[in-house]
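My numbering puts the first residue of the sequence shown at 376, with every later residue one more than the last.
Reading through the structure tokens given below for one structure.
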Amino acid sequence: YSFNMFLFNKFKGLCAAHIGILVFITNYLSVSIAQGPKVIISPDINGQKKSIDTKLFLTCTVKTDGGTQVTFEWLDPTGEQIPENQVDGSGSRNKRNIYTEQAKFGDQNGLALYIQKIQREHEGKYTCVATLPGGTQQRAEALLETYLKINFADCSSPQHVVVGTDGMIKCKVNANPPATIDWTLNDEALKNGGRITITPDGIRITDVKLDDEGTYVCRAKVFDTGDYDSKAIDFRVYVPPDFSERPAPYKAVEGEDAMFRCKAEGKPDPQYIWLDEKQANLSSEERFNVDKDGTLTIRKVDRNDAGQYRCIAVNDAGRKEAVTYLDVAIRPKIEQFENLTAETDTEATFICRASGMPLPDIKFRKLSSSLSFVSGVQPEDSRIIVEDATEENMKVAKLRITSVEREDDGLYACVANSSEGEGYQNGHLTVEFAPTFSEHIKTHYFSWSNNPVNLTCVAESIPNATISWWKNGRDIDDKSWGRKMANIKKHGEAGISILEILPLDDHYYGTYICKAVNKLGENELEIKLEEAFFPGSISQVILSKVTATTISFKFVPPQSNGGIDIDSYAVEYKRAEDPWESAKRKTFPLGAPYVLEDLMPKTHYQMRFAAHNLVGYGDWSRETTPAITKDITAPEKPIILAPKETEDAVVDSPYPHSYRLEWQIPADNGDPISHFELIYVQVEPNGRKYRDIGPVKSARVQSPGNVEYMLEHLRPDSYYRIQLAAHNSHGLSEQDEIIIKTKIGSPFPPDDYLPPEEIHTGIIVGCIILILFLILLCVDIVFCVTKKIGLIHSLFKCLCDSSAKKTITTRPSNEAESEKMLSDKVKPEIKSGKIEYKSNDKGKPIFSAKDSVV
376 YSFNMFLFNK FKGLCAAHIG ILVFITNYLS VSIAQGPKVI ISPDINGQKK SIDTKLFLTC
436 TVKTDGGTQV TFEWLDPTGE QIPENQVDGS GSRNKRNIYT EQAKFGDQNG LALYIQKIQR
496 EHEGKYTCVA TLPGGTQQRA EALLETYLKI NFADCSSPQH VVVGTDGMIK CKVNANPPAT
556 IDWTLNDEAL KNGGRITITP DGIRITDVKL DDEGTYVCRA KVFDTGDYDS KAIDFRVYVP
616 PDFSERPAPY KAVEGEDAMF RCKAEGKPDP QYIWLDEKQA NLSSEERFNV DKDGTLTIRK
676 VDRNDAGQYR CIAVNDAGRK EAVTYLDVAI RPKIEQFENL TAETDTEATF ICRASGMPLP
736 DIKFRKLSSS LSFVSGVQPE DSRIIVEDAT EENMKVAKLR ITSVEREDDG LYACVANSSE
796 GEGYQNGHLT VEFAPTFSEH IKTHYFSWSN NPVNLTCVAE SIPNATISWW KNGRDIDDKS
856 WGRKMANIKK HGEAGISILE ILPLDDHYYG TYICKAVNKL GENELEIKLE EAFFPGSISQ
916 VILSKVTATT ISFKFVPPQS NGGIDIDSYA VEYKRAEDPW ESAKRKTFPL GAPYVLEDLM
976 PKTHYQMRFA AHNLVGYGDW SRETTPAITK DITAPEKPII LAPKETEDAV VDSPYPHSYR
1036 LEWQIPADNG DPISHFELIY VQVEPNGRKY RDIGPVKSAR VQSPGNVEYM LEHLRPDSYY
1096 RIQLAAHNSH GLSEQDEIII KTKIGSPFPP DDYLPPEEIH TGIIVGCIIL ILFLILLCVD
1156 IVFCVTKKIG LIHSLFKCLC DSSAKKTITT RPSNEAESEK MLSDKVKPEI KSGKIEYKSN
1216 DKGKPIFSAK DSVV
């Protein structure tokens, strides 16, 4: 102003316009000089609100040339300087909730303000002061205003309340500006009233019921800010435990398992705790197990387990207790029953001690018998006595055998019985006796030069006997034998000894003594070894039957078998004109049919015979036996094979309507059998004979290969005579004959009757035919579809062609005229049941039908 007045006085002679321009320039310069550089706060937060618990960052700068030095400071709403973040001695920054930091923004220096967590008390004006060179200060302000977002406190999920009590669903809403709150249950709005009270801290429910359970939703809305949020709470109604099955008292036998069942209902499902009288938790005790269903199991109950037990059912709504008791019964137990060893003719006593509650009764039994010994002297054996006694808490019984015999050896059982069960234990009585030899032991052996033989000696004794071998009064192990007994070896142990002998000369044959010794005595057994020889020669051969191709004979055994049994016979045979070097040999086992087969008809044969044993063949018979086979003839008589006949020589058929005939092929007498001829007829007994009462039936069975025939369609419970003969080109053989009787059954066989053996065959054949038919049908269908050929295609084509040939005849339009034409041409005449149509012109029949009109 002073400067303006100075200019006015100085230039008051100028015009008004010039003076105005000077004043404007003067004012502009004065303002610019007075204002100086401007302070800038970024970002500009004036008019904005910041959410509580968020962070804030502000910068303060001044636009100057690069050489101007400016210092900054931030003042809080109270005017206090906000300290700058400092570095401590360890080199790390000691950060506060509100602090400043020097910073460079582009080419300008500045000071940054940091608020780590905005709180309500941080509201107000924050001032940035910039000090310029010369002390001039410039200021800028930033107004911080806050608001609180919606948040839910003490609003956990799930929450629960016990049924029948008053409960609170807790949920508190914090917001600034304050929020409007409402509640819903299962998407339906809740209102105050009745048992429900809505409070700022949640919902209060009185007398909670099971129906109150569900999902509650707390909704908060702030109209000033438009904020909205909700919180779902799973509200559960719990039910205290209540027993649906209380544990019942239990009586267990010692050593067995015991089980208590405890079942409670509640919500959530209860957990179970079992306590004994000492308040011990049985879940962690040995032999005790508590499962999730509340069942207590005690394994191998001990008598000390008896007493009171408590089942406690617990859940978040409460607990319930039930008391029960365990009674332990003591099963009989054998406390002592030991094995015994006694010599024959001495006394042996078994002692059995048994415990239990109540005290048990004791019985003895030998395991080889099903009967127990009675108290006192045994009626069947006075040597055996049973005595009973009682000791402290124990029952005692004795089984005494006054004069022990070998038969007393074996297992004995001590059995203790009471109302609580049974105790059982075995004990063994070992009877010691001097060596004995079995009556079945072999005492006579045969051998021959260089043929090893084993002499076996088995001595029965307890304890086992030591066995030695003697000959001629000397132990064979005696060195005085020298090389005479060099080929003898001993084997065996535990009462069994085997003497292996390889005879080389006569010194090895003779009588050997097996001597058995134990502590109770000794015994001896004589065993003879004799030399065996070849069997003697056969002194007589009897020809029993001669055919065209076979010779049958019998032997008279040789007078000497060489010391051992004959096991077979041999025959060498040849044609009379041939040398013996070309003879054939055949061997027959002892007892087999002696028949030479496949001989030439009408031929002179010579034969010689020898017997055989383990040593070898004896001498061949000195005189040869001549035989001449017969000329070629009809076959020999076949032999019908039949099961065991009845007393009246009748064979029973196992079937009512059939019989399977089997036979043995006879000798063909030099000409092959072509077939067998079979004749059978129904007969009836007539005294000792049978009389034919039915038609004679026959059958021919081809040969070779067939040795059986099934006779079918027989009458049940009837007699039949069956005759069989073999045939070759020379005629029929003699007939073999049997009488059979069929089994009782239905009078006549059904039409589809098959003998049992042939049923399966018929089923198989039928199945095969059915399968082949189905295969052919499938193939024909495929060809019909793909190739247009086959049986099915032909049938369809025939049907189609037949249908195409049919014509449709149209009736004349003038029916009257048509009928007249027909009437004029053809008139029917009826003669003796026939209708004849004849032409009016010529009188010849056109069509006739018997007893019908067309």
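By construction, the Cβ of each residue, glycine as well, lies at the ideal position given by its N, Cα and C atoms.
Computed from a predicted structure; not experimentally measured.
Cutoff 8 angstroms; reference residue i; Cβ partners in own chain excluding five residues on either side
i	result
Thr1234	Summary: the structure shown does not reach residue 1234, with the chain confined to residues 376 through 1229, and so no result is reported for it.
Ser426	Ile493, Thr521, Tyr522, Leu523, Lys524
Val1082	Glu1037, Trp1038, Gln1039, Ile1040
Val676	Ala627, Val628, Glu629, Gly630, Glu631, Asp632, Ala633, Leu701, Val703
Pro1108	The sequence given here has Ser at residue 1108, not Pro. Counting only Cβ-Cβ distances below 8 angstroms, and skipping sequence neighbours, we find Ala1009, Pro1010, Glu1011, Lys1012, Pro1013, Pro1041, Ala1100, Ala1101, His1102.
Glu766	Arg728
Residues near residue i by beta carbon distance below 7 angstroms, same chain, minus five either side
i	result
Arg570	Ile580, Thr581, Asp582
Gly589	Leu560, Asn561, Phe610
Ile917	Phe928, Lys929
His393	For His393, the predicted model reports a pLDDT of 49, less than 50, meaning its position is unreliable; a value from the coordinates is still stated below. None.
Ala681	Leu701, Asp702, Val703
Gly1069	Val1056, Gln1057
Met1196	Here the model assigns Met1196 a pLDDT of 39, short of 50, so the residue's position is not dependable and the matter cannot be decided.
Residue j beta carbon less than 9 angstroms from that of residue i
i	j	result
Gln934	Gly966	no
Thr1008	His1105	yes
Pro1060	Ile1040	no
Ile816	Val828	no
Lys770	Val761	no
Thr672	Ala697	no
Leu1244	Lys500	There is simply no residue 1244 to check, as the chain begins at 376 and stops at 1229 in what is shown.
Val1071	His1050	no
Extent of the continuous beta strand (DSSP E) run through residue i
i	result
Arg1075	1072 to 1077
Cys686	682 to 690
Tyr883	Segment: none, Tyr883 is in no beta strand (DSSP E) and carries neither H nor E.
Trp856	No beta strand (DSSP E) contains Trp856, which DSSP labels as neither H nor E.
His535	534 to 537
Val1058	1050 to 1061
Val665	663 to 665
Ile608	602 to 620
Trp845	841 to 846
Thr436	431 to 437
Tyr1030	Note, Tyr1030: premise wrong, no beta strand (DSSP E); not H, not E.
Leu715	715 to 718
Pro707	693 to 712
Same chain, Cβ closer than 6 angstroms to residue i, neighbours up to 5 away in sequence not counted
i	result
Met543	Gly577, Arg579
Thr777	Glu722, Arg758
Ile1048	Pro1010, Ser1078, Ala1101, Asn1103
Ile396	The pLDDT assigned to Ile396 is 48, lower than 50, so where the model puts this residue is not dependable; a value taken from the coordinates is nonetheless given after this. Around Ile396: no qualifying Cβ.
Ile415	Thr436
Lys846	Tyr887
Tyr331	With the chain covering 376 to 1229 only, the question about residue 331 has no answer from this structure.
Asn551	Tyr522, Leu523
Ser605	Val592, Arg594
Asp1027	Lys1116
Ile556	Val548, Ala595
8 angstroms contact criterion, which residue i and residue j should meet: CB distance rounded
i	j	result
Pro735	Pro707	4 angstroms
Glu905	Phe812	Their Cβ separation, rounded to whole angstroms, is 20 angstroms, which puts Glu905 and Phe812 out of contact at 8 angstroms.
Thr446	Asn460	The pair is not a contact, with the Cβ atoms about 17 angstroms apart (cut-off 8 angstroms).
Ile1114	Tyr1065	6 angstroms
Trp823	Val990	5 angstroms
His987	Tyr944	7 angstroms
Lys695	Pro616	4 angstroms
Task: Given 8 angstroms, three or more beta-carbon pairs between the stretch 644 to 664 and the stretch 688 to 699 - done: yes
Open item on the list: With a threshold of 8 angstroms, are at least 3 pairs of Cβ atoms found where one atom belongs to the stretch 528 to 542 and the other to the stretch 424 to 437?
Closed with: no
TODO: Flag this pair as touching only if the stretch 862 to 879 and the stretch 782 to 793 have three or more C-beta atom pairs under 8 angstroms; answer yes or no.
DONE: no
Open item on the list: For the stretch 635 to 644 against the stretch 709 to 723, do three or more pairs of beta-carbon atoms, one drawn from each stretch, fall closer than 8 angstroms, so that the two count as touching?
Closed with: no
Open item on the list: Measuring CB atoms only, is the stretch 609 to 623 touching the stretch 656 to 666, in the sense that at least three cross pairs come out at less than 8 angstroms?
Closed with: no
Open item on the list: Tell me whether the stretch 806 to 818 and the stretch 736 to 747 touch, counting them as touching only if at least three CB pairs, one residue from each stretch, are closer than 8 angstroms.
Closed with: no
Open item on the list: Across the stretch 617 to 625 and the stretch 544 to 551, are there enough close Cβ pairs to call them in contact, namely three or more that are closer than 8 angstroms?
Closed with: no
- [ ] Examine the Cβ distances between the stretch 1074 to 1093 and the stretch 1024 to 1040 and report whether three or more of them are shorter than 8 angstroms.
- [x] yes
Task: Touch test, the stretch 724 to 734 against the stretch 778 to 789, Cβ-Cβ under 8 angstroms, three pairs minimum - done: yes
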